[in-house]
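>
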Amino acid sequence: MAKFKKEIKNKKIVSVVRRAKFIVINIEGDKTIFIHQKISGHLMYGKWELKNGQWVSKISGPLKEDRQNQYIRYIWTFNNGHQLAMSDIRRFSRIILVRDRDVSSLKEIRDLGPEPLKLDIESFSKLFKSKKGKIKPVLMDPTFMVGIGNIYADEILWDAGIHPLSRIDKLKKVDISRIFKATQKILKLAIKYKGDSMDDYRLPSGKKGGYQNIQRAYQQTGKKCTKQDGGIITRIKIGQRSAHFCPKHQKIT
DNA sequence: TGCAGTGTTGCTTC
DNA sequence: CGAAGCAACACTGC
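In our numbering, the protein residues as written are 3 to 255.
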């Protein structure tokens with residue numbers, strides 16, 4: 003930790019990009035910072051002060067009273083007086099420092115699949131060719147394709163009308179095409195709505211995202227499916243995760 | 001009151 | 001090898 007501090011102190015940020023669910027910050031010198039927010043982590047940009055061991059926001063607005071301030075685990079202070087804070091109730095987030103020349107061989111990065119929004123229908127379909135198993139866990143597997151977690155996997159399969167337990171090798175061309183279109187649509191919507199703040203996630207400003215307001219399947223157990231002639235959204239367990247779907251229009255293939 | 005469940009993924013086990 | 005189980009953690013809500 004002390005070593006990490008010394009390595010990044012007074013270094014200018016050269017660039018910030020995203021790869022999969024990593025935030026990649028290149029700094030002056032030969033190092034790059036990788037941040038993974040995991041389940042409950044989120045970076046917030048603002049000003050805080052420590053009062054009785056608690057970080058208290060000095061900026062009015064959504065940051066001010068949010069209980070997420072309570073779970074700030076790290077704070078970096080910039081020379082403009084602003085701070086970047088990692089709030090992470092469950093402490094799964096990770097920050098690592100990597101030598102620039104080691105970035106491409108980094109195991110966390112090396113095995114990642116493609117970015118779904120950079121795929122066309124041909125390359126998307128091709129990915130599924132060699133794949134077996136249940137569609138939902140595969141969609142969520144970052145070595146298969148990145149960026150799709152439990153929420154958006156449920157939303158994509160709901161939109162595509164595909165049952166989460168469907169076997170990939172049984173899917174027809176038209177099914178893959180529907181999954182492709184739904185993936186593009188849902189991920190673009192997710193970006194437009196700036197994420198899902200049903201739980202802990204916040205924007206860097208402290209504001210909530212809006213996707214929780216348009217969720218159609220995830221955490222909608224017992225509600226009526228909003229598609230025409232929809233059933234009741236049902237929850238099952240796949241692997242160790244819950245899956246939500248409409249039993250009426252998402253049939254197993 | 002306990003226990004299942006929670007925007008993830010990497011390691012272990014079979 | 002692939003698939004599945006489970007751990008890391010702290011808290012909520014049924």
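Beta carbons are placed, not taken as given, at the ideal position from N, Cα and C, and that holds for glycine.
(1) Please work out which residues of its chain come closer than 7 Å, Cβ to Cβ, to G211, disregarding the five sequence neighbours upstream and downstream, and give them in chain order.
(2) According to DSSP, simplified to helix, strand and coil, what is L99?
(3) Just the Cα atoms here: how many angstroms apart are I254 and F247?
(4) Starting from the Cα of D171, find the closest Cα among S132, A4, H44, S89 and give me that residue.
(5) Name the residue from T34, I234, G48, Y213 whose alpha carbon lies nearest to the alpha carbon of S106.
(6) Use the C-beta contact count for D122: other C-beta atoms within 10 angstroms, 16 or more gives buried, fewer gives exposed.
(7) Would you report the Cα separation of K5 and L99, rounded to the nearest angstrom?
(8) Going by Cα to Cα distance, which pick from I164, K187, T185 is closest to K177?
(9) For F225, collect the residues of the same chain with a Cβ closer than 6 Å to its Cβ; drop the 5 residues on either side in sequence, then sort them by chain order.
(10) Going by other Cβ atoms of all chains shown within 10 Å of its Cβ, with 16 needed for buried, is H44 buried or exposed?
(11) Quick test of the definition: if touching needs 3 or more C-beta pairs under 8 Å, does the region 213 to 227 touch the region 235 to 245?
(12) Classify D102: buried if its beta carbon has 16 or more other beta carbons within 10 angstroms, exposed otherwise.
(13) Taking C-alpha atoms, which residue in M3, I27, Q242 lies nearest to K14?
(14) For I153, I'd like the list of residues in its chain whose CB is within less than 6 Å of its CB, leaving aside the five on either flank, ordered along the chain.
(15) What number of angstroms, rounded off, separates the C-alpha of W50 from the C-alpha of D32?
Considering the structure as presented:
(1) Walking along the first sequence from the start, residue 211 turns up at place 209. So the qualifying residues of the chain are Y195, K196, G197, D198, S199, Y203, L205.
(2) Position 97 of the first sequence holds residue 99. It is a strand residue.
(3) As a working note, residue 254 is residue 252 in the first sequence. As a working note, residue 247 is residue 245 in the first sequence. Distance between the alpha carbons of I254 and F247: 11 Å.
(4) In the first sequence, residue 171 corresponds to position 169, counting from 1. That would be S132, whose Cα lies nearest to the Cα of D171.
(5) Here residue 106 corresponds to residue number 104 of the first sequence, with the count starting at 1. Comparing Cα positions, the closest option is T34.
(6) Along the first sequence, one-based indexing puts residue 122 at 120. That one is exposed.
(7) Here residue 5 refers to the residue found at position 3 when the first sequence is read from its first residue. Here residue 99 refers to the residue found at position 97 when the first sequence is read from its first residue. C-alpha separation (whole angstroms): 10 Å.
(8) Within the first sequence, numbered from 1, the residue matching residue 177 stands at position 175. One point to set straight first is that residue 177 is Asp, not Lys, in the sequence displayed. When each option's Cα is compared against that of D177, the closest is I164.
(9) Indexing the first sequence from 1 puts residue 225 at position 223. It is worth fixing the name first, because residue 225 is Lys in this sequence and not Phe. So the list reads I235, once near-sequence residues are dropped.
(10) Taking the first residue of the first sequence as 1, we reach residue 44 at position 42. By the neighbour-count rule (16 or more Cβ atoms within 10 Å), H44 is buried.
(11) yes
(12) Along the first sequence, one-based indexing puts residue 102 at 100. With fewer than 16 Cβ atoms within 10 Å of its Cβ, D102 is classed as exposed.
(13) Your numbering for residue 14 matches position 12 in the first sequence. Residue I27 is the option with its Cα nearest to K14.
(14) Working through the first sequence from its first residue, we reach residue 153 at position 151. These residues qualify, in order along the chain: D198, Y220.
(15) Looking up residue 50 in the first sequence gives position 48. Looking up residue 32 in the first sequence gives position 30. So the two alpha carbons sit approximately 30 Å from each other.
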